[in-house]
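Participant: Handing you this structure, nothing more for now.
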Amino acid sequence: MMAQPAEAAALVERAQREGTPLVDAHPRDPALRRVTFLWEEDSGSPVEAVHLWVNRVTDKDSHERGWMRRIPNTSLWMLTLDLPAGLRASYGFSPGRTSTPERSPGTLAHRADPLNPAPRLRGLSVFSGDQAPSQREWEPHGATDPAETLRACRTVTTSLDALDVDGRGPRPCWLHVPLLDAAAGAGTGSGAGTPAGAGTPATPETPEKPGVPAASGKIAPVPLLVVFDGEVWFEEAGLPAALAAARRAGRLPPLAVLGIGNGRREDRRRFLGGHPAMLRAVAHRAVPWALKALAEHGVPAPGTGGRIIAGQSLGGLAALAAATETPGTFDAVIAQSPSMWWRPEGWRGIAGTPTPRDLHSAVPAWITERFTTAGTAAGSGIAGQARIRLQVGTLEGLTIGRMETLRHRLAGDGWDVRMRGYEGGHDYAWWRGALLDALEELTAEPEDRRS
207 MMAQPAEAAA LVERAQREGT PLVDAHPRDP ALRRVTFLWE EDSGSPVEAV HLWVNRVTDK
267 DSHERGWMRR IPNTSLWMLT LDLPAGLRAS YGFSPGRTST PERSPGTLAH RADPLNPAPR
327 LRGLSVFSGD QAPSQREWEP HGATDPAETL RACRTVTTSL DALDVDGRGP RPCWLHVPLL
387 DAAAGAGTGS GAGTPAGAGT PATPETPEKP GVPAASGKIA PVPLLVVFDG EVWFEEAGLP
447 AALAAARRAG RLPPLAVLGI GNGRREDRRR FLGGHPAMLR AVAHRAVPWA LKALAEHGVP
507 APGTGGRIIA GQSLGGLAAL AAATETPGTF DAVIAQSPSM WWRPEGWRGI AGTPTPRDLH
567 SAVPAWITER FTTAGTAAGS GIAGQARIRL QVGTLEGLTI GRMETLRHRL AGDGWDVRMR
627 GYEGGHDYAW WRGALLDALE ELTAEPEDRR S
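According to our numbering, the sequence shown is numbered sequentially starting from 207.
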């Protein structure tokens, strides 16, 4: 039954008290929650349609599912969805002032939910089910305050000519430099943050925990994470603060991060994926620059065994391709929702620019075949040179099957590969937490993998 004005007033009162969206138990399925989203028109600016966009819930083929209903004789719009209790997803509202709003996916601007108390992510609100994995490091009650972050790390922002692979100019980069305090405990990051152990090489007596001084005063090499879409992680998602919080909690050791940015929006599709020149530039130019800069800040550089490369979507595919294009450069790969549809133009004689629609093709994923051909070309094979961690959202449809095929192929060829699903879509909302999960696992493994 459609809510009436009195019920609308009760919904608004509850929303102001609890925040939105409103979450109730599902009457039949304990794995689901009944989630009610509310949108109130701006005073004096009535609208004739409102669409609720929830990542991979009411977008793409499910776009029609997101149209909200106005409560009669009120300015309040509502939509109730049955969602997994473990879901974490970005969402926003698109109000329209025409009687025939544009209904094609991806054409409406999204507004955040003003009554959702959670911090916004890339301009959107985030819904977190009560069974969603913890993201304490990313949330206000667990995140490190700005002053404490400054005591635990520094961020260097620059543009690298070394990453100009097409003559369009340098690419923006960010370098997260953890400050190492000889008085700090096992990676807690406490203290004044005075750099220590500048340029000290690792020795067989180096302690097991990165960044922790031994009795000799020498400090173990600090792992280096290279991550694509640096502008998102450093300018929008707040990666430095999350790393500082994870370090303070003892979840992660001191960790250096090199963020590779995109100069322009079109650069992302042009150079992420399996672009050989870009991948070689990252491995042979950007990484050496980062290691030199870390040494100048007193952070002992890791060997090959302490280097991790990570990416999401096209960046996830680029991270996977790096294991085949520059074998031996990275000890581990974190690929979150890699774009399994991507292929070089003309590959296998297929015409046209690749798009996500190619997931429907019967042709195997390019990256899956690339691992096979790269191993064959290497003679003895490249399997085992990197640990590979695959992560995918449970709402990502055909991508899941493609990734399962990749995982099976990699395992059969001798790679150390693991795959994990998260309740969500193609979304930074769960990528950010899952990134720390993978880093925690990879940095906790034996020292001989990092030396």
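For every residue, glycine included, the Cβ atom is placed at its ideal position computed from N, Cα and C.
1. With a 10 Å radius around its C-beta and 16 neighbouring C-beta atoms as the bar for buried, classify Gly509 as buried or exposed.
2. How would you write the range of the beta strand (DSSP E) that Pro378 sits in, first residue to last?
3. Would you mind stating whether Thr559 and Arg486 have Cβ atoms separated by less than 8 Å?
4. Using a Cβ-Cβ cut-off of 6 Å (strictly less than) and excluding sequence neighbours within five positions of Pro376, which residues of its own chain qualify?
5. Under a Cβ-count criterion, where at least 16 other Cβ atoms within 10 Å of its own Cβ denotes burial, should Ala216 be classed as buried or exposed?
6. Per DSSP, what kind of secondary structure is Asp564 in: helix, strand or coil?
7. Give the straight-line distance between the Cα atoms of Ile556 and Val569, rounded to the nearest whole angstrom.
8. Taking Ser519 and His382 to be in contact with their CB atoms under 8 Å, please state how far apart those CB atoms are, rounded to whole angstroms.
9. For Gly521 and Tyr634, I'd like the C-alpha separation in whole angstroms.
10. Got a sec? Which residues, its chain only, sit under 7 Å from Thr574 by beta carbon, not counting five neighbours each side?
11. Residue range of the beta strand (DSSP E) that Thr605 falls in?
12. Just to confirm, are Gly292 and Ser331 a CB contact at a threshold of 8 Å?
13. Looking only at DSSP bridge pairs, what is Trp283 linked to?
14. Suppose you measure from the CA of Gly335 to the CA of Ala501; what does that come to, to the nearest Å?
15. Three-state secondary structure (DSSP) at Gln542?
16. Where do the ends of the beta strand (DSSP E) carrying Pro301 lie?
17. Give me the Cα-Cα distance between Asp564 and Arg626, rounded to the nearest whole angstrom.
18. If Pro506 sits next to Pro429, beta carbons under 8 Å apart, how far is it from one beta carbon to the other, in whole angstroms?
19. Relative to the alpha-carbon of Arg733, which residue among Leu327, Val253, Ala499 and Trp572 has its alpha-carbon at the smallest distance?
20. Under the rule that 16 or more other beta-carbon atoms within 10 Å means buried, what is Glu224, buried or exposed?
21. Give, in chain order, every unbroken run of the beta strand (DSSP E) that is at least 3 residues long and sits entirely within the segment 449-490.
22. By a C-beta neighbour count over all protein chains shown, 10 Å radius and 16 as the cutoff for buried, is Gly479 buried or exposed?
23. Is Asp643 helix, strand or coil when you go by DSSP?
24. Name the two residues that bound the continuous beta strand (DSSP E) containing Gln341.
25. Shortest alpha-carbon distance to Pro658 belongs to which of Trp283, Gly467 and Leu449?
26. His269 by DSSP, collapsed to three states: which one?
27. Whole angstroms are fine: how far does the CA of Val218 sit from the CA of Pro323?
Facilitator: According to the structure shown:
1. exposed
2. Arg377 to Pro384
3. no
4. Ser365, Leu366, Asp367 and Asp370
5. exposed
6. helix
7. 10 Å
8. Contact flag wrong, Cβ pair sits at about 21 Å.
9. 12 Å
10. Thr611, Leu612 and Arg615
11. Run containing Thr605: none in the beta strand (DSSP E); it sits in the alpha helix (DSSP H), Leu604 to Gly618.
12. no
13. Trp245 and Arg276
14. 43 Å
15. strand
16. Arg294 to Gly302
17. 23 Å
18. That belief does not hold up - the Cβ atoms of Pro506 and Pro429 are roughly 11 Å apart, past 8 Å.
19. The structure shown does not extend to residue 733, since the chain spans only 207 to 657, so no value can be given for it.
20. exposed
21. 462-466
22. buried
23. helix
24. Segment: none, Gln341 is in no beta strand (DSSP E) and carries neither H nor E.
25. Look at the range of the chain in this structure, 207 to 657, and you will see that residue 658 is not part of it.
26. helix
27. 15 Å
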